[in-house]
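For the protein sequence lines, the chains are P and Z, in the order given.
For the first sequence, numbering that gives the first Met the number 0 begins at 0 and goes up steadily by one.
For the second sequence, numbering that gives the first Met the number 0 begins at 0 and goes up steadily by one.
We put the beta carbon where it would ideally sit given N, CA and C, even for glycine.
Written out below as structure tokens is the structure these notes cover.
Protein chains: 2
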Amino acid sequence: MVSEKMYELGTKKSTIRTIFEFGRKRAAEVGEENIFDFSLGNPNVPTPEFVKNAAIDILQNSEPSAVHGYTVAPGNPQVREILAKSINERFGTKFAGKNIFITAGAAAAITISFKALAENGDEFITFAPYFPEYKVFVESVGAKLNVVPAQPQDWQINFDAFEKMLTPKVKAVIINSPNNPSGAVYSVDTIKTLAQILNKKSEEFGHAIFIISDEPYREIAYGVEVPYVPNFYDNTLVCYSYSKSFSLPGERIGYIVVPDAVADFGKIFGAVAGAARVLTHVNAPSLWQLVVAKCAGKPSDISIYERNAKLLYNGLIDAGFECVKPQGAFYLFPKALEADDYAFCERAKKYDLLLVPGADFGCKGYFRAAYCIKTETIEKSLPLFKKLAAEYRVIGL
Amino acid sequence: MVSEKMYELGTKKSTIRTIFEFGRKRAAEVGEENIFDFSLGNPNVPTPEFVKNAAIDILQNSEPSAVHGYTVAPGNPQVREILAKSINERFGTKFAGKNIFITAGAAAAITISFKALAENGDEFITFAPYFPEYKVFVESVGAKLNVVPAQPQDWQINFDAFEKMLTPKVKAVIINSPNNPSGAVYSVDTIKTLAQILNKKSEEFGHAIFIISDEPYREIAYGVEVPYVPNFYDNTLVCYSYSKSFSLPGERIGYIVVPDAVADFGKIFGAVAGAARVLTHVNAPSLWQLVVAKCAGKPSDISIYERNAKLLYNGLIDAGFECVKPQGAFYLFPKALEADDYAFCERAKKYDLLLVPGADFGCKGYFRAAYCIKTETIEKSLPLFKKLAAEYRVIGL
């Protein structure tokens, strides 16, 4: 009677959701202050005042139909020009408004890109650990997602494994830096090597291989450079969102950059427009288009994330965990204290530490701790992580 | 290199778009005041002050994360309760929040519904004249759209033709009342007869046949009752949008009602959630969820549309056109003055009257005139319609 596939996708609870709901139940029993919920990647820095003020100013002083009317599908032309200019100032690119397609956030941006590019039999590649919705979105456009095994020592790219998996069927490679869940930022070297391999293979196969650079965490990096991928590789689509940088995840606003340098700009931009149309993204919310234009280039406040990252990282290292030093986003991805990360996260629950098994991100034996939570909660959790580690020393797993 | 289908969907200009762009070009040549553009269905009544004030109030007085944070996929639970209550008060229904799935407007609502229901080999039925995106959206979920021929004397349903087309393959029937482009409102009799036939055939075929009631124009009706379909037929999904009623088309906010009475509530609501997920409608824009809750049940100002409808209808009748009296939405769908509606619309262009051929809506020999424009423009256009009609009397087509 209904699409069984849609029913399954709409009702099967994700591990993260299940953990989160467990946390809500426990909080009702033992009190909010005794639950240490590291499960959700929900920005906890308040939306900046300048964003609020921009929205109010537009509502008060602009002609309503200019604010709330349909925009053309790729977005308000003036807004696109402003966003292009802001990107150019930051990254030395030469984009114009025509290179920008405004979207309802990054989920829409990446899926529109997948759907624009995917032909029959196409495959996409991403790198473990990875955001699990990639698999849902890639499969929803009729393509297949292959996952390159992780490189746990630094969460950069395992190029040997990657090259072996790079067959002529591969249409695009999805990267996500700063990374959810690893917290790593791909270095200039990593991006250069990736570009080199893709250029070589594109030539060998006689067709373009794209990079889809999913960058919702671009602004959240702690003193490391986040290379701007179009400066290193021509066939790049950049997918950006203001969900994290301006703490606006509910408003659904972001964009796709389609550079002139891609293999066939007209074809790709046209296919992006077609994909947005059938995914019924008629236009990105029009007020928020104007707001982000007014706030373009303004800084994100990442000081809370940086403080939390340091606190949690040091605390975990001190408790005996192994963990790559966080470079960005708002996640740590430490090694679990036993091979079975599900069992580990179950054991952590005894201390009301709510963690997500790494297997959910295609990377067994690790766990994700989202630290976009109150600093105080992290402080209070550290002795519990110590107790958890001590328990492992006793049981000798 | 890209999906050719997406490229085609993203670049093939619609007739409406082509006419609109011609109008912009002409306006630059001869002046805005000399162009009579009846092509676009863009609401021209300003967004009500109470909507603006609600948005500003929320931005000024609510905690930012409660305004801009992710909501759960079906929408903010309090908002869903308020919308259900408001629907109940107006239509005597007994919905609760759990029956509401908030969406990014009606395009998302209908396509999510199509995708939730469509199984392999399914067909959908709609009635000419019809909104042409139905075909794009139905085909995008892998189903087929069949169109029942029109009933031009009143634009109600041609039930004889409908019954013949109602095969076991039909999963759902899409209705749109008040109708774009005909301006008709389906009567209680029409809805009752439709329900009767569908009940009979559902039993005969041994499976549910759904009504998807696409209702973006519900509030725009001129003194006629717009029957609330779930009160007449159990297996109804209602798709609503605030684009027209509150003049918020760019903000993308609406909802789907999934009544308890549908064949299997849990299955259908679950599939709706899955469809929203893969179409990457993560949640409907969160600020606008709060705004429509604050404004639920407040009246839409339709006085301008009503005045324009009367003015244009009387003017066209006076000029010798045949036209069914408008009941709602903001369109007239008169008979063209020659069998070839494309040729007719081309001839009208000589007078800078920009009209859309009926064939675009599956109904040859008619044309659509959208009167959501300045009343003054309509006044000035009437003598031109007279000249156009006079030309036809001379050429004797």
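Of all residues in the stretch 193–212 of chain P, the ones placed with a Cβ closer than 8 Å to any Cβ belonging to chain Z are His206 and Ala207, in chain order. If you check each beta-carbon in the stretch 268–279 of chain Z against every beta-carbon of chain P, the ones closer than 7 Å belong to Gly269, Ala270, Val271, Ala272, Gly273, Ala274, Arg276, Val277, Leu278 and Thr279. In this structure, the alpha-carbon of P/Asp153 lies about 25 Å from that of P/Leu352. P/Asp188: member of the alpha helix (DSSP H) spanning Val187 to Phe204, first to last residue.
Only residues of its own chain outside the window of five on either side were considered, and among them Ala207 and Asn234 have a CB closer than 7 Å to the CB of Z/Ala262, listed in chain order. When secondary structure is reduced to three states using DSSP, Z/Arg367 falls in the strand class.
In this structure, the straight-line span from the alpha carbon of P/Pro258 to that of P/Arg89 is close to 15 Å.
Every alpha helix (DSSP H) of 4 residues or more that sits fully in the stretch 324–372 of chain Z is shown, in chain order, as 340–348. Taking 8 Å as the threshold, the shortest C-beta distance from Z/Tyr69 to chain P falls below it. Per DSSP, P/Tyr391 is not a residue of any beta strand (DSSP E); the alpha helix (DSSP H) it occupies stretches across Thr374 to Ile394. The three-state secondary structure of Z/Gly253, taken from DSSP, is strand. When the five nearest sequence neighbours on each side are left out, the beta carbons in the same chain lying within less than 8 Å of the beta carbon of P/Ala105 are those of Asp213, Glu214, Pro215, Cys238, Tyr239, Ser240, Ser242 and Gly253, in order along the chain. Taking C-beta atoms under 8 Å as the contact rule, Z/Asp340 and Z/Gly319 fail to qualify, at a distance of about 17 Å.
Residue Z/Leu289 holds the alpha-carbon nearest to the alpha-carbon of Z/Val50 among Z/Leu289, Z/Ser64, Z/Ser181 and Z/Asn179.
Under the DSSP assignment, Z/Ala160 falls in the alpha helix (DSSP H) whose first and last residues are Phe158 to Met164.
Chain-order list of chain P residues neighbouring Z/Phe19: empty, with the shortest C-beta distance near 11 Å, by a criterion of under 8 Å. Among the residues of chain P, none has a CB under 7 Å from the CB of Z/Ser112; the nearest is roughly 10 Å distant. Secondary structure of Z/Tyr239 (DSSP, three-state): strand. Between Z/Glu7 and chain P, the shortest Cβ-Cβ separation is below 8 Å.
Under the 8 Å criterion on CB atoms, Z/Gly104 is classed as interfacial with respect to chain P. The three-state reading of DSSP puts Z/Ser244 in coil, since its state is none of H, G, I, E or B. By the Cβ neighbour-count rule, Z/Asp359 is buried, with 16 or more other Cβ atoms within 10 Å of its own. With respect to chain P, the C-beta atom of Z/Ala369 has no partner C-beta closer than 8 Å.
Taken through DSSP and simplified to helix, strand or coil, Z/Ser176 comes out as coil.
P/Ala83 has its alpha-carbon roughly 24 Å from the corresponding atom of Z/Met5. In this structure, the alpha-carbon of Z/Pro356 lies about 23 Å from that of Z/Tyr185. Here Z/Ala347 is buried: its Cβ has 16 or more other Cβ atoms, across all protein chains shown, within 10 Å. Neighbourhood of Z/Ile377 in chain P, by CB distance below 7 Å: empty, with the nearest CB roughly 18 Å away. Counting only residues of its own chain and dropping the five nearest sequence neighbours on each side, P/Thr14 has a CB closer than 8 Å to the CB of Val355, Pro356 and Asp359. At a beta-carbon threshold of 9 Å, the residues of chain Z lying near P/Gln59 are Lys51 and Ile55, ordered along the chain. Within the stretch 238–264 of chain Z, the residues whose Cβ lies closer than 7 Å to some Cβ of chain P are Ser246, Leu247, Pro248, Gly249, Glu250, Arg251, Ala262 and Asp263, listed in chain order.
Residue contact with chain P for Z/Thr46: present (Cβ-Cβ distance below 8 Å to some residue of chain P). By the neighbour-count criterion, in which 16 or more other beta carbons inside 10 Å mark a residue as buried, Z/Asp159 falls on the exposed side. The C-beta separation of P/Pro180 from P/Pro128 comes to about 5 Å, placing the pair in contact by the 8 Å criterion.
For the pair Z/Leu315 and Z/Val271, the Cα-to-Cα distance works out to about 43 Å. Each residue's CA atom was taken as its position, placing P/Pro47 and P/Ala295 some 13 Å apart.
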